[in-house]
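The opening position of the sequence shown corresponds to residue 331 in this note's numbering, with each subsequent residue numbered one higher.
Have a look at the structure below, then the notes.
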Amino acid sequence: LVAFVGIAGGNHGTSLCPPGSEGNVVSCDEIAAGTAWLARLNAGGEIYGRTRWMTVYDGTGAGDPAFAGPAYALSPRLQGADNREFPGTYHNDLRLDPAIVKIYREFLESAGTLRRR
């Protein structure tokens with residue numbers, strides 16, 4: 331893997347899976363804060379190898395309902411990655427907004443994973 335862009339990923343949990351939701355919603359068994367699955371995922375460090383890493387997220391706890399409130403606002407961050415906050419941006423807009431797409435596309439192009447337009 332040469333480069334990775336995580337767009338609003340539940341790396342440290344999501345407000346859509348509050349404590350106690352495990353077992354009720356299948357995906358919450360993995361991405362609720364504090365699950366064994368997330369602990370294993372992050373056990374060897376949040377980034378690894380020669381891969382270039384970027385995350386894209388709201389960061390305020392107000393724009394993206396998947397990461398609502400201060401407990402989840404920074405969940406998409408990965409320690410050691412190029413972490414990009416777009417305050418107040420809604421979840422789906424993080425992958426579609428042309429200005430944001432330009433940023434992560436340039437990141438992928440600079441890593442050699444996409445041909446420049």
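Each residue gets a CB set at the ideal place from its N, CA and C atoms; glycine is no exception.
In this text, all values refer to a predicted model and were calculated from it rather than measured experimentally.
Limits of the unbroken beta strand (DSSP E) element including Tyr387 = Reading the sequence shown from its first residue, position 57 is the one you call residue 387. Residues 382 to 387.
ask   = How many angstroms separate the CA atom of Pro417 from the CA atom of Gly393?
value = As a working mapping, residue 417 is identified with position 87 in the sequence shown. As a working mapping, residue 393 is identified with position 63 in the sequence shown. So the alpha carbons of these two residues sit roughly 7 Å apart.
Cα-Cα separation, Gly410 to Ile377 = The residue given as residue 410 occupies position 80 in the sequence shown. The residue given as residue 377 occupies position 47 in the sequence shown. Distance between the alpha carbons of Gly410 and Ile377 is about 7 Å.
query = Within this structure, are the beta carbons of Phe437 and Ala333 separated by less than 8 Å?
reply = Here residue 437 refers to the residue found at position 107 when the sequence shown is read from its first residue. Here residue 333 refers to the residue found at position 3 when the sequence shown is read from its first residue. Going by C-beta atoms, Phe437 is nearer than 8 Å to Ala333.
key: Boundaries (first-last residue) of the beta strand (DSSP E) holding Ala403   = By one-based count along the sequence shown, residue 403 stands at place 73. From DSSP, Ala403 is part of no beta strand (DSSP E); its letter is neither H nor E.
ask   = Helix or strand or just coil, what does DSSP make of Asn372?
value = Within the sequence shown, residue 372 is the residue found at index 42, counting from 1. Helix at Asn372.
Phe437: first and last residue of the uninterrupted beta strand (DSSP E) it sits in = Start at 1 with the first residue of the sequence shown, and residue 437 comes out as number 107. Note, Phe437: premise wrong, no beta strand (DSSP E); alpha helix (DSSP H) at 428 to 440.
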